[in-house]
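What follows is a single structure, written as structure tokens, with notes after it.
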Amino acid sequence: MLKEVFDDIKLGWSKQELWRYASTMEMKQRYRRSILGPFWISLSLAIMIVSIGVLWSKLWNIPIKEYLPYFTVGLLLWTLISAILTESTQAFIKATGVMKQINLPFSYYIFSLVWKHFSIFAHHCIVYILVILYFKVSLSFSFFLVIPGLFLYFINALWLSSCLGIICTRYRDVEQIVPSILIILFFMTPIIWKMGWTGKKALFVYFNPLYHYIEILRAPLLGYMPSLMNYVVVLGITLVGVCFAFLLVGKFRKQIAYWL
Amino acid sequence: MSHIKLKNVSVEFPIFHASNRSLKKTLISASTGGLIGTNAQHKNVVTALQGISFSVEKGDRLALIGHNGSGKTTLLRVLAGIYYPTGGEIKINGKVTPMFDIGLGIDAESTGYENIITRGLYLGLTRKEIEDKIDSIAEFADLGDFLYMPVHTYSSGMNIRLAFAVSTSFFPEILLLDEWIGAGDASFMEKANNRVSEMVSNTNIMVIASHSMDIVKKWCNKAMWMEHGKVISYGDVNQVADQYLKQAA
């Protein structure tokens, strides 16, 4: 069974040309008739970051120079995570048309979904670059930790979308819970607020896995080091998650077409 | 050598209704020992294929005939690897190209050029192979300068010609068709027919589901008559087709 999953992943990976081209086409559609081109989709994010960023720094009475870069990076990462999770619930339901016409490996659909959101994220990074330049945030060698960070994000996106995709195709009511959970998580995770603002340490944050996920990329992007605990938690969850996904995909991969 | 072998293949579809589509109800029924929401545990199935066995070798052209709902399309999807059989064994040697909907992957907002690439990739060609063929495809589809225009500016005839030209631009090893591929306006018809004929003659194996006995008799050497997911008869095309026609009359 596990060998079949490996073969599926290999085959899905070999369909790169297709999923990369298809996601480029899908992105192009969003901005096909706009002057700004690919960065049109990043503009709304930029507007949100600036307006909420200014408002919150005034409300909390924190210098904007300190708050805005922090909020920008947090929100960028959050956008990536939540977009992948939200769309995963539709991964196979939306692809029904294709799935009933040709046989592409299971992993093809996952790769194409994750790839698309990473490409959108890459475009959004223009906002990050502008903010960093404007506020002259000093980066350090820790910036290189972005590479393992992104790799971990990619792996986690793959296993999470696989699981969510399968579960939501079988149980159609799960799809409706996901956005509500995401909203709660957004406020529970230090993205618009920061650890230590209230004076006391908000210990519950450490039990929120998303905090660690955000931190392993936010830290290097803002010029400081993620903590060892961040990595331990993320690696632990990744390991368990990947194993779980392998079992789930191995067991149900062949039944998805019957559930559509 | 390409071949297809099916042994006692059966396909059963689970039928879900509102309550076993729901995780909540499934969980409740599990924790209450089935007292509440017994429906969630109760699974209905529809048997779409039952005990299908046959084998075709290189050079064979197999026709699937039978009334609507007899399981022809389901069987094609099993051969395409879309449905894994719930029972029995299936062995296929060779690269299978299903061509059920030749418009699959065509997007109205993208240009003809982009669509040729997308459609070609869906058909399992590489980017390079498509780039090599793109001129001949565009020429055959008679698109002219429209190649670089979005497809929504096309007439319906051009639309079909585009999808048709890409789909028939290469020779699949094992070709699966749900009804014969036809295309567009009268002037294009003959050109199109020649091209499909060329493609079909060059594939190792073709399996086609069709209601037209003319096409079946013209193109196939074997036929399988199906009814309610079972094989009624299998063998030489003329024999099976006549038997089917006699029964239908």
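Protein chains in written order, with our numbering: chain A, 102 to 361; chain B, 775 to 1023. Every residue gets a Cβ at the ideal spot worked out from N, C-alpha and C, and that includes glycine.
Contacting residues, own chain, Cβ-Cβ under 8 Å from B:Y1008 (five flanking each side not counted): Cβ within range, chain order: F828, K996, A997, M998, W999 and V1014.
Proximity test, Cβ basis, 7 Å: A:A358 and chain B: Yes - at least one Cβ of chain B is within 7 Å of the one on A:A358.
6 Å CB neighbourhood of A:L318 in its chain, flanking five on each side removed: Cβ neighbours of A:L318 within its own chain (closer than 6 Å, five residues either side excluded): L178 and G250.
Under 9 Å by beta carbon: chain A residues contacting B:E863: Under the 9 Å cutoff, chain A gives no residues; its nearest Cβ is about 14 Å from B:E863.
Residues near A:K116 in its chain [Cβ-Cβ closer than 8 Å; skip 5 each side]: Same-chain partners within the cutoff: L205, P206, Y209 and F212.
Simplified DSSP assignment, three categories, for B:A997: In the structure shown, B:A997 sits in a strand (DSSP, three-state: E or B).
Proximity to A:S189 [Cα-Cα], best of A:M200, A:R133 and A:V279: Closest by alpha carbon: A:V279.
Check whether A:A320 and A:P327 have beta carbons under 7 Å apart: Their beta carbons are under 7 Å apart, which means A:A320 touches A:P327 by this criterion.
Validate contact between the stretch 224-233 of chain A and the stretch 882-897 of chain B using beta carbons, cut 8 Å, 3 pairs: No, the stretch 224-233 of chain A is not in contact with the stretch 882-897 of chain B.
Contact the stretch 169-187 of chain A vs the stretch 258-267 of chain A: 3+ CB pairs below 8 Å: Yes: the two stretches touch, three or more of their Cβ pairs being nearer than 8 Å.
Bridge-paired residues (DSSP) for B:Y1008: Bridge partners of B:Y1008: B:M998.
Under 7 Å between C-beta atoms of A:V335 and A:H313: Taking 7 Å as the cut-off, the beta carbon of A:V335 is found closer than this to the beta carbon of A:H313.
Meets three-Cβ-pair contact criterion under 8 Å: the stretch 777-796 of chain B and the stretch 860-880 of chain B: Segments in contact, yes.
Extent of the continuous alpha helix (DSSP H) to which B:V974 belongs: Residues A960 to N976.
Interface partners of B:P872 on chain A, CB under 8 Å: Below the 8 Å Cβ cutoff, chain A contributes Q202, I203 and N204 as neighbours of B:P872, in chain order.
Positions along the stretch 844-858 of chain B whose CB lies within less than 8 Å of some CB in chain A: Cβ contacts with chain A: R851, A854, G855, I856, Y857 and Y858.
B:I856 versus A:L146 - alpha carbon distance: Each residue's Cα considered, the two are about 39 Å apart.
Neighbourhood of A:V238 by C-beta distance below 7 Å, restricted to the same chain and skipping five residues each side: Excluding positions up to five away in sequence, the list reads P170, L323 and G324.
Whole-angstrom distance between B:S929 and B:E883, CA atom to CA atom: The straight-line gap from Cα to Cα measures roughly 14 Å.
B:Q1017 - DSSP class collapsed to helix/strand/coil: The answer is helix: DSSP assigns B:Q1017 an H, G or I state.
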